[in-house]
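Q: Got a structure for you, questions after.
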Amino acid sequence: MRWISHIAIAGAICAVVNPAAVPAAVLGSTAPDWIEMIRRAFSRGKKVKHRAATHYLAAWLALAIFARLIWDHQSWLFWFAMGGAVHWVCDALTVSGAPVGWWSDRRVTLFGGKVYTGSPAEYVITGIIVGVCALFIWLRTTTPGGFIPFFYHWADFYERGLVDGLEWRIHRFDMI
Ligand SMILES: [Zn+2]
């Protein structure tokens, strides 16, 4: 997928869950490609395959888990990794797919890998995801008390002293 789609999708998802980490998610959402460019620049003529090592889903998820175990300011590292994972999902929707890990000898595609990069379908998918995320954010800001179905406001509860920090940490990703 194009960078604009990667950025829009990862940024929108992150904005729903953790607005403070959007810059990290945006950076992460393009990281598989720009890290690949850096590797290519330093490869001294050796060929760096497109959508290879920097596009391993397992590596991005491992980084996300690692970020959860350490002190992570505003969850930036976590969302950087989630951005990379979102990039993988987007690339896996395309015809050429994306590799799950270093052990995979072929790339995986999601939903049949029918999307061509830069095609109208890519922008329709991007638009739907961004739209749904915008709806969540809109509902949150317009609903009195901050409660919306399917999405509890643990961060809100925390700020109002209804739950303690530990409870917030545990539940902040709960969707119901
Ligand atoms: Zn990519």
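Heads up: the sequence shown is residues 54 to 229, going by our numbering.
All residues carry an ideal CB built from backbone N, CA and C; glycine is no exception.
1. In terms of DSSP beta bridges, what is Val161 paired with?
2. Which class does Val101 belong to by DSSP, given the choice of helix, strand or coil?
3. Taking a cut-off of 6 Å, which residues have a beta-carbon closer than that to any heavy atom of ligand 1, in chain order?
4. If contacts are defined as beta-carbon pairs under 8 Å, then Phe131 and Arg121 qualify, I think. What distance do you get, rounded to the angstrom?
5. Whose C-alpha, out of Met54, Ala73, Arg104, Trp155, is nearest the C-alpha of Trp129?
6. Nearest-angstrom Cα distance between Phe200 and Gly184?
7. For the pair the segment 73 to 92 and the segment 104 to 113, tell me if three or more CB-CB distances fall below 8 Å.
8. Using the rule of at least 16 other Cβ atoms within 10 Å of the residue's Cβ for burial, across every protein chain shown, is Gly165 buried or exposed?
9. In its own chain, which residues sit with a C-beta less than 8 Å from the C-beta of Cys186, not counting the 5 before and 5 after it?
A: With the given structure in hand:
1. Translated into positions along the sequence shown, residue 161 becomes position 108. Paired residue(s): Ala151.
2. Locating residue 101 in the sequence shown gives position 48, counting from the first residue. DSSP places Val101 outside both helix and strand once states are collapsed to three, so it counts as coil.
3. Here the list is Pro85, Asp86, Arg104, His108, His140, Asp144.
4. Locating residue 131 in the sequence shown gives position 78, counting from the first residue. Locating residue 121 in the sequence shown gives position 68, counting from the first residue. With a Cβ gap of about 6 Å, Phe131 and Arg121 count as contacting.
5. As a first step, residue 129 must be located in the sequence shown, where it is residue number 76. Out of Met54, Ala73, Arg104, Trp155, Ala73 has the C-alpha closest to the C-alpha of Trp129.
6. Residue numbering aside, residue 200 sits at position 147 when the sequence shown is read from its first letter. Residue numbering aside, residue 184 sits at position 131 when the sequence shown is read from its first letter. Its pLDDT being 49, under 50, Phe200 is placed unreliably in this model, and the coordinates cannot settle the point.
7. Under the 8 Å Cβ criterion, the segment 73 to 92 counts as touching the segment 104 to 113, having at least three qualifying pairs.
8. By one-based count along the sequence shown, residue 165 stands at place 112. Exposed, by the Cβ-count rule.
9. Indexing the sequence shown from 1 puts residue 186 at position 133. Around Cys186: Ala65, Ile66, Ala68, Val69.
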